[in-house]
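S.K.: With this note's numbering applied, the sequence shown corresponds to residues 164 to 451, in that order.
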Amino acid sequence: MGATSYGSSDRPPRGDYARAGQVKADYTCPQDYAAYTAADHDTYRRLYARQSALLPGLACDEFIAALPSLGQSSQIPRFDDINERLHKATGWEVVAVPGLIPEVPFFTLLANRKFPVTDWIRTPAEFDYIVEPDVFHDLFGHVPLLFNPVFADHMQAYGAGGLKAHRLGACEQLSRLYWYTIEFGLMRQASGPNQGLRAYGAGILSSSGELVHAVTSPEPQRIGLDLLRTMRTRYKIDSYQQTYFVIDSFQQLFDMTAPDFTPLYAQLKSLPELAADALLPGDRLIQR
Ligand code: PHE
Ligand code: FE
């Protein structure tokens with residue numbers, strides 16, 4: 164849900180990909196700001212208010228620190244306004260897309276420090292839950308951490324790694340890592356007054372229900388991130404996760420994913436996939 168085609172969906176992606184010839188070959192388009200209605204802006208405002216109130220004690224410090232950089236919360240922001248600040252902070256920019264886009268264009272944008280953001284917003288009936296990414300998920304969930312220099316570098320490296328995975332036929336494996344880190348990752352904050360388990364994944368941070376569930380519920384299992392283990396693990400796109408993988412810091416995530424994955428992909432070919440709720444003897448269980 165940055166805008167990758169996640170899971171195997173039978174439905175065509177939602178969004179207007181023809182849009183008066185404005186969608187370019189790289190799938191980017193102008194943000195259709197004039198199309199937003201007063202109700203759309205109100206949906207954004209209410210989503211933002213509910214979600215930001217939930218963050219203390221549940222979201223990681225880096226996310227809470229960066230959130231104000233998104234700007235106004237009273238209406239859907241203009242991507243150009245965000246870009247003035249974002250480009251100065253980390254050299255990233257947000258680009259509008261009509262919805263989910265294919266893997267290669269998605270990876271190419273990330274590798275060039277461009278983050279695709281869906282420009283339409285969910286209907287009021289979808290206030291609590293939407294399967295595919297909309298502008299609220301993409302902006303509120305993903306964009307704050309692009310202001311964090313280490314996370315920003317990680318996202319670019321992921322994009323470049325995605326292009327390599329595509330050449331090696333390993334996109335499904337790599338997308339599981341994306342799912343369990345960038346979308347649904349948890350972090351163990353080690354020091355300071357805010358010590359404890361926190362969320363940094365965009366799919367958690369943009370969902371009121373899953374944010375509380377992921378960090379506080381006794382139900383899901385939480386396992387220290389292990390690349391091979393994570394890339395073997397299937398995931399559910401339409402329910403809360405049964406397993407979350409936990410990192411200690413963005414620097415750890417960056418360092419862990421820096422080595423060439425080619426040998427890992429080769430190893431994965433001979434290892435069986437794991438169910439979303441599997442638990443292995445070697446798993447490092449993390450207690451809340
Ligand atoms: N280091 C990985 C490779 O060589 C690329 C990657 C970077 C993957 C960051 C995920 C995150 O394939
Ligand atoms: Fe996403």
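For glycine and all other residues, C-beta sits at the position ideal for the given N, C-alpha and C.
Here's a check: name, in chain order, each residue in its chain whose Cβ is nearer than 6 angstroms to the Cβ of alanine 421, leaving out the five neighbours to either side.
M.R.: By one-based count along the sequence shown, residue 421 stands at place 258. Excluding sequence neighbours, alanine 421 sits near nothing in its chain.
S.K.: Could you give the C-beta distance for isoleucine 452 and leucine 448, rounded to a whole number, given that I count them as a contact under 8 angstroms?
M.R.: Absent from the model: residue 452. The displayed extent of the chain is 164 to 451, so no value can be given.
S.K.: Given 8 angstroms as the limit, is there contact between the segment 391-399 and the segment 432-450, that is, 3 or more CB pairs closer than that?
M.R.: yes
S.K.: Could you tell me the distance, in whole angstroms, from the CA atom of threonine 206 to the CA atom of leucine 427?
M.R.: The residue labelled residue 206 in the question sits at position 43 within the sequence shown. The residue labelled residue 427 in the question sits at position 264 within the sequence shown. In a straight line, the C-alpha of threonine 206 is about 43 angstroms away from that of leucine 427.
S.K.: Sort out for me which residues DSSP pairs glycine 359 with in a bridge.
M.R.: Position 196 of the sequence shown, counted from the first residue, corresponds to residue 359. Bridge partners of glycine 359: Gln352.
S.K.: Does DSSP put isoleucine 227 in a helix, a strand or coil?
M.R.: As a working note, residue 227 is residue 64 in the sequence shown. Helix, per DSSP.
S.K.: What is the DSSP secondary structure of threonine 200, counted as helix, strand or coil?
M.R.: Residue mapping note: residue 200 aligns to position 37 of the sequence shown, counting from 1. Three-state result, threonine 200: coil.
S.K.: Considering only heavy atoms of ligand 1, does any lie closer than 8 angstroms to the CB of tyrosine 363?
M.R.: Position 200 of the sequence shown, counted from the start, is the residue given in the question as residue 363. Answer for tyrosine 363: no, Cβ out of range of ligand 1.
S.K.: Rounded to whole angstroms, what is the Cα-Cα separation between proline 383 and alanine 228?
M.R.: Here residue 383 is taken as the residue at index 220 of the sequence shown, counted from 1. Here residue 228 is taken as the residue at index 65 of the sequence shown, counted from 1. Distance between the alpha carbons of proline 383 and alanine 228 is about 27 angstroms.
S.K.: Look at the alpha carbon of isoleucine 345 and the alpha carbon of threonine 406, and state the distance between them as a whole number of angstroms.
M.R.: Numbered from its first residue, the sequence shown carries residue 345 at position 182. Numbered from its first residue, the sequence shown carries residue 406 at position 243. Between the C-alpha atoms of isoleucine 345 and threonine 406 there is a straight-line separation of about 14 angstroms.
S.K.: Answer yes or no: the CB of tyrosine 321 versus the heavy atoms of ligand 1, is any distance below 8 angstroms?
M.R.: Start at 1 with the first residue of the sequence shown, and residue 321 comes out as number 158. In this structure, the C-beta of tyrosine 321 approaches ligand 1 to less than 8 angstroms from one of its heavy atoms.
S.K.: Nearest CA to the CA of leucine 272: which residue from Val257, Leu374, Gln336?
M.R.: Taking the first residue of the sequence shown as 1, we reach residue 272 at position 109. Closest option to leucine 272, Cα to Cα, is Val257.
S.K.: Hey, how far is the Cα of alanine 216 from the Cα of proline 356?
M.R.: Translated into the one-based positions of the sequence shown, residue 216 becomes position 53. Translated into the one-based positions of the sequence shown, residue 356 becomes position 193. Approximately 19 angstroms between the Cα atoms of the pair.
S.K.: Going by beta-carbon coordinates alone, are phenylalanine 299 and leucine 308 separated by less than 9 angstroms?
M.R.: Position 136 of the sequence shown, counted from the start, is the residue given in the question as residue 299. Position 145 of the sequence shown, counted from the start, is the residue given in the question as residue 308. Their beta carbons are not under 9 angstroms apart, which means phenylalanine 299 does not touch leucine 308 by this criterion.
S.K.: Does the segment 363-381 come within contact of the segment 320-329, defined as at least 3 CB pairs closer than 8 angstroms?
M.R.: Contact between the segment 363-381 and the segment 320-329 is absent, with fewer than three C-beta pairs closer than 8 angstroms.
S.K.: Does the segment 248-264 come close enough to the segment 175-185 to have 3 or more Cβ pairs within less than 8 angstroms?
M.R.: A contact exists between the segment 248-264 and the segment 175-185.
S.K.: Would you call aspartate 301 buried or exposed, if buried means 16 or more other Cβ atoms sit within 10 Å of its Cβ?
M.R.: Position 138 of the sequence shown, counted from the first residue, corresponds to residue 301. Buried is the call here.
S.K.: Expressed to the nearest angstrom, what Euclidean distance is found between the alpha-carbon atoms of proline 287 and lysine 277?
M.R.: Taking the first residue of the sequence shown as position 1, residue 287 is located at position 124. Taking the first residue of the sequence shown as position 1, residue 277 is located at position 114. Each residue's Cα considered, the two are about 29 angstroms apart.
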